[in-house]
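Trainee: In the working numbering, the protein residues as written are 616 to 720. Idealized CB from N, CA, C, for every residue including glycine. Keep in mind it's a predicted model, so treat the numbers as computed, not measured.
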């Protein structure tokens with residue numbers, strides 16, 4: 616048996632053992648769903664519940680004005696922070712470096 620054949624055989628045995636473990640032993644046997652599945656299902660159920668209760672959510676004039684002010688404030692903040700130039704990177708001390716090596720970032 617060559618090294619490649621031995622590696623494939625060993626890898627196949629390991630994969631078979633993992634399949635057996637995942638199907639018959641431990642938490643996967645007790646609960647076939649992962650945490651991500653549970654979170655996704657919770658979000659979907661919550662969304663369904665909201666859409667059933669409020670098919671079209673209508674905001675009153677005051678709430679709509681507050682929403683628009685909040686969105687405008689967020690956009691202003693983003694514009695201010697994106698327009699500022701990045702701070703220059705710090706220069707690293709060149710003590711102890713010989714020759715023409717540079718230590719600036």
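1) With DSSP as the reference, label residue 634 as helix, strand or coil.
2) Rounded to whole angstroms, what is the Cα-Cα separation between residue 692 and residue 680?
3) Can residue 691 be considered in contact with the ligand ADP, in the sense that its beta carbon sits closer than 8 Å to one or more heavy atoms?
4) What is the rounded straight-line gap between the Cα of residue 696 and the Cα of residue 675?
5) Taking all protein chains shown into account, do 16 or more other C-beta atoms lie within 10 angstroms of the C-beta of residue 700, making it buried, or fewer, making it exposed?
Mentor: With the structure as the only source:
1) DSSP, read as helix, strand or coil, puts residue 634 in helix.
2) Taking the CA atoms as reference points, residue 692 sits about 18 Å from residue 680.
3) This structure lacks the ligand ADP, and indeed carries no ligand of any kind.
4) Straight-line Cα distance between these residues: approximately 32 Å.
5) Bear in mind that the predicted position of residue 700 carries a pLDDT of just 47, short of 50, making it unreliable; the figure below should be weighed with that in mind. Its Cβ having fewer than 16 others within 10 Å, residue 700 is exposed.
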